[in-house]
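Number of protein chains: 2
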Amino acid sequence: MKNVKGAVCAGCGAEHEADDSTLTCVKCGGMLEIVYDYDYIKTRLTREKLAERKEFSMWRYMELLPIEEASRLSPLRAGWSPLYRADRLGELLGIKTLYIKDDGLNPTSSLKDRASAIAVVRAAHAGRNTVACSSTGNAASSLAGGAAAMGLRAFIFVPERAPKGKVTQLLIFGAQVISVRGNYEETFRLSAEAIERWGWYNRNAAINPYLMEGKKTVSLEIAEQLGFKVPDYVAISVGDGCTIAGVWKGFKDLYAIGLIEKLPRLISVQAEGCCPVNRAIETGKPIERMDENTIADSIAVGVPRNGEKALMAIRESGGITVNVSDEEILETMKIMGKSCGVFGEPAGVAGTAGLKKAAALIPADATVVSVVTGNGLKDIVSAQKTAGEPMLLPPDMDALTEEFKKRNII
Amino acid sequence: MKNVKGAVCAGCGAEHEADDSTLTCVKCGGMLEIVYDYDYIKTRLTREKLAERKEFSMWRYMELLPIEEASRLSPLRAGWSPLYRADRLGELLGIKTLYIKDDGLNPTSSLKDRASAIAVVRAAHAGRNTVACSSTGNAASSLAGGAAAMGLRAFIFVPERAPKGKVTQLLIFGAQVISVRGNYEETFRLSAEAIERWGWYNRNAAINPYLMEGKKTVSLEIAEQLGFKVPDYVAISVGDGCTIAGVWKGFKDLYAIGLIEKLPRLISVQAEGCCPVNRAIETGKPIERMDENTIADSIAVGVPRNGEKALMAIRESGGITVNVSDEEILETMKIMGKSCGVFGEPAGVAGTAGLKKAAALIPADATVVSVVTGNGLKDIVSAQKTAGEPMLLPPDMDALTEEFKKRNII
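Respectively, the protein sequence lines represent chains A and B. In short: position in the first sequence from 1, add 573, done, that's this note's numbering. In short: position in the second sequence from 1, add 573, done, that's this note's numbering.
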């Protein structure tokens with residue numbers, strides 16, 4: 574990889590090769606960060622060159638990705654999700670210039686497809702035939718789908734509470750699925766032990782430094798889709814912390830190579846019932862474990878494994894933290910559906926729910942992007958709590974007319 | 574519309590303006606067909622011009638669409654779904670060169686988004702503020718989503734059996750949903766009466782001739798994505814008949830303007846428990862009503878309203894008919910998930926299930942495209958019938974090891 578210099582430990586600063594023989598620091602066990610050769614990349618990735626590219630997926634940004642040149646790429650089309658101008662929604666939230674980035678339209682219907690694409694490509698290139706992770710659901714389905722597309726085996730550990738839709742996806746993709754009677758932390762620990770024991774390729778975002786590099790492509794796209802006019806704010810829901818750190822890395826990379834001239838402020842949205850990252854920002858104290866009390870399963874992470882990276886991203890960007898209740902999340906799901914035609918899962922709309930609460934803090938002339946991280950179809954049970962019920966009627970015009978009158982529809 | 578000459582009645586041949594004041598023949602009530610000015614279009618839509626276009630959605634093919642020039646377009650990104658080479662799946666099915674077109678990645682997760690995009694754009698341009706349809710589910714959710722994105726009201730009639738996922742989508746998109754205690758035919762009739770009574774814009778594919786024009790974009794894309802080398806066969810599941818007719822129209826349009834040099838043969842796949850179109854082909858008799866006995870709700874149409882168009886398409890193309898059982902559909906869902914990382918709903922994978930059965934009829938060197946018409950997340954209940962169950966375990970390595978041994982996994 575001519576574009577990658579190596580991997581440096583975020584803890585002790587030790588330098589490593591960027592290969593898959595070790596994913597964490599050999600000296601202190603700390604998490605690694607990928608270091609790019611921006612001077613080299615600058616000469617290869619320009620606005621003009623991007624404008625000519627015909628590849629509309631995350632592979633569009635190969636110069637900024639830790640992918641070996643000879644790699645077989647995943648065939649699934651991850652990335653290049655649509656960015657919608659959302660005026661009606663903006664009006665409802667009190668934000669004048671709002672865009673919705675719908676990452677629910679990825680191959681397995683969540684932003685995590687961006688990370689798993691990197692994982693399966695690197696695993697295959699390293700000659701590994703089995704990948705594994707623990708996940709609240711989306712990382713799992715994206716890894717299972719990506720592995721299936723690449724012809725790899727997948728072992729997936731999910732907490733028992735994972736929504737049926739996500740678990741069914743895993744099974745259809747042919748993964749070995751272990752449903753763990755416990756919370757996310759216990760699920761993670763069991764997966765870590767099993768990965769160690771059987772030597773599988775580790776797609777846990779808490780360990781694997783390459784995943785964040787996939788997630789950052791959402792920011793590369795936002796910038797390019799806005800003609801490299803960087804938004805003032807980017808709102809995103811936060812669980813483990815890896816995604817918001819990835820969002821920040823994407824913008825920083827573009828800034829480093831001179832493709833953008835400023836950086837956005839991040840709006841970190843967590844659930845009131847599980848907000849360890851935001852609480853650390855708000856109190857100035859270290860991250861402390863919290864219970865996982867929220868309907869938004871994808872961000873119900875009591876012990877965020879990428880918490881430090883998330884804190885750094887929020888702080889560096891001069892970010893805002895907002896915590897939202899389950900009621901606010903469900904209400905936003907309906908508001909977004911009705912005003913945009915976009916259906917997000919609870920964690921997927923949490924970022925936008927946060928925007929509604931943070932609107933007063935955002936200047937009137939600001940441009941805001943809110944990322945929908947997962948598709949509402951993944952968790953119909955939650956959506957049903959807010960969707961309401963259809964009118965159930967016999968096939969009869971009189972009955973219909975009467976019902977309409979009763980509801981003041983006509 | 575400089576590209577559209579008008580609309581001609583498929584029944585009596587009467588000529589009409591292509592506007593929305595009447596959607597069916599004023600003389601005989603027959604269905605209309607849109608007539609294009611191919612000589613004009615030929616000068617505007619060339620391979621070279623397409624290669625330069627930056628619009629990657631169905632609006633890419635504006636010259637071949639019945640859209641008024643000054644129309645406000647739907648913001649949702651319908652179309653330009655990925656076309657995957659599927660070698661492992663092909664091997665399992667006995668087909669050497671196989672591609673999967675994943676239309677489950679459309680905005681509301683089905684091919685029907687292509688049709689509804691046309692409907693909402695035409696409705697808005699005609700100054701209508703309410704759209705309506707009856708549907709087994711996907712036309713419904715696509716219309717509800719499209720209407721929400723355009724700021725229109727939607728009234729949706731679904732048969733009571735429609736899967737929860739689809740109904741929940743409708744409600745989240747803010748549609749007025751009428752769940753009809755009856756089959757698709759009764760649902761259709763009630764919607765037709767209500768549309769007549771209250772003057773809503775009619776998005777029923779049995780009536781509205783513009784919808785097929787949206788559906789045909791799937792073929793325009795297949796051709797372009799294959800570098801205008803037309804596949805020998807295109808497999809698609811058939812319910813009402815409008816989709817397969819649209820698929821055929823797309824290829825015929827491209828042929829008419831000289832962008833492709835041959836036409837594919839269609840593989841019409843229906844469910845054994847509901848195959849009135851295929852039965853008419855096989856017996857040479859007119860289409861006769863059938864019961865709606867299949868798990869594949871999107872193609873459970875006992876009285877296909879676009880049946881004649883479907884028959885014409887299959888016959889003109891020298892097509893093949895295949896009927897598949899629910900077991901074969903569910904088995905294919907798993908095979909496709911495991912070998913491609915693509916998760917389709919029952920009707921979405923039915924086309925591929927048919928391929929497995931028809932493989933013996935297909936020459937070894939043929940190129941085949943199978944269209945996945947809807948996302949598996951729309952109907953988790955059906956998927957669960959074939960997905961199997963995860964291993965449910967405590968967070969404990971000993972328990973895990975023992976379970977793996979029992980299952981011969983390690």
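Heads up, the beta-carbon is just placed ideally off N, CA and C, and yes, glycines get one too. Remember, predicted model here, so these are calculated numbers, not experimental data.
- At least 8 angstroms separates the beta-carbon of A643(A) from that of L784(A).
- Contact between the stretch 958-973 of chain B and the stretch 957-966 of chain A is absent: fewer than three C-beta pairs spanning the two stretches fall below 8 angstroms.
- Residues of the same chain with a CB within less than 6 angstroms of the CB of K739(B), apart from the 5 flanking positions on each side, are G710, S714 and K951 in chain order.
- Under the three-state reduction of DSSP, A690(A) is assigned to helix.
- Near chain A, meaning a CB-to-CB distance below 8 angstroms, the residues of the stretch 759-780 of chain B are E759, T760, R762, L763, E766, A767, R770 and W771.
- Around the beta carbon of L934(A), fewer than 16 other beta carbons sit within 10 angstroms, so the residue counts as exposed.
- Interface residue (Cβ-Cβ distance to chain B less than 8 angstroms): Y757(A) is not classified as such.
- Taking 8 angstroms as the cut-off, the beta carbon of V820(B) is found no closer than this to the beta carbon of L832(B).
- At a beta-carbon threshold of 8 angstroms, the residues of chain B lying near K737(A) are I953 and Q957, ordered along the chain.
- Boundaries of the alpha helix (DSSP H) around N851(B): P849 to T856.
- The three-state secondary structure of R661(A), taken from DSSP, is helix.
- The bridge partners DSSP lists for I673(B) are Y657(B) and S943(B).
- Under the DSSP assignment, G823(B) falls in the alpha helix (DSSP H) whose first and last residues are C815 to A829.
- Beta-bridge pairing by DSSP links E588(A) to V581(A).
- For R754(A), at least one C-beta of chain B is nearer than 8 angstroms to its own C-beta.
- For I860(A), the closest alpha carbon among the candidates S708(A), T867(A), R762(A) and V876(A) is that of V876(A).
- In the three-state reduction of the DSSP assignment, M863(B) falls in the coil class.
- Beta-bridge partners assigned by DSSP to I893(A): I840(A).
- Counting along the chain, the unbroken beta strand (DSSP E) around L605(B) starts and ends at L605 to Y609.
- Taking the C-beta atoms as reference points, A926(A) is found no nearer than 8 angstroms to I872(A).
- By the beta-carbon neighbour count (other beta carbons within 10 angstroms, threshold 16), I983(A) is exposed.
- The Cβ-Cβ distance between M970(A) and E766(B) falls below 8 angstroms.
- Judged by DSSP in its simplified three-state form, C598(A) adopts coil rather than helix or strand.
- At a cut-off of 8 angstroms between C-beta atoms, S708(B) does not count as an interface residue with respect to chain A.
- Within the stretch 618-642 of chain A, F629 place their CB atoms closer than 7 angstroms to a CB of chain B, listed in sequence order.
- Leaving aside the five residues that flank L793(B) on each side, the residues in its chain whose CB is nearer than 6 angstroms to its CB run, in chain order, Y634 and G823.
- Sequence-ordered contacts of the stretch 895-922 of chain A with chain B read M906, K907, G910, K911, S912, C913, G914 and F916 [C-beta pairs closer than 7 angstroms].
- Following the DSSP letters along the chain, one finds T741(B) inside the alpha helix (DSSP H) bounded by residues K737 to I745.
- For the pair A923(B) and A932(B), the Cα-to-Cα distance works out to about 14 angstroms.
- Collapsing the DSSP output to three states places V874(B) in coil.
- In the structure shown, the three-state DSSP call for G927(A) is helix.
- Taking 8 angstroms as the CB threshold, S890(A) stays off the interface with chain B.
- The beta carbon of Q749(A) falls within 8 angstroms of a beta carbon belonging to chain B, placing the residue at that interface.
- Residue-level contact check: L649(A) touches chain B, since one or more beta carbons of chain B fall below 8 angstroms from its beta carbon.
- Using a Cβ-Cβ cut-off of 9 angstroms, Y657(B) is close to P648, L649, R650 and A722 of chain A, given in chain order.
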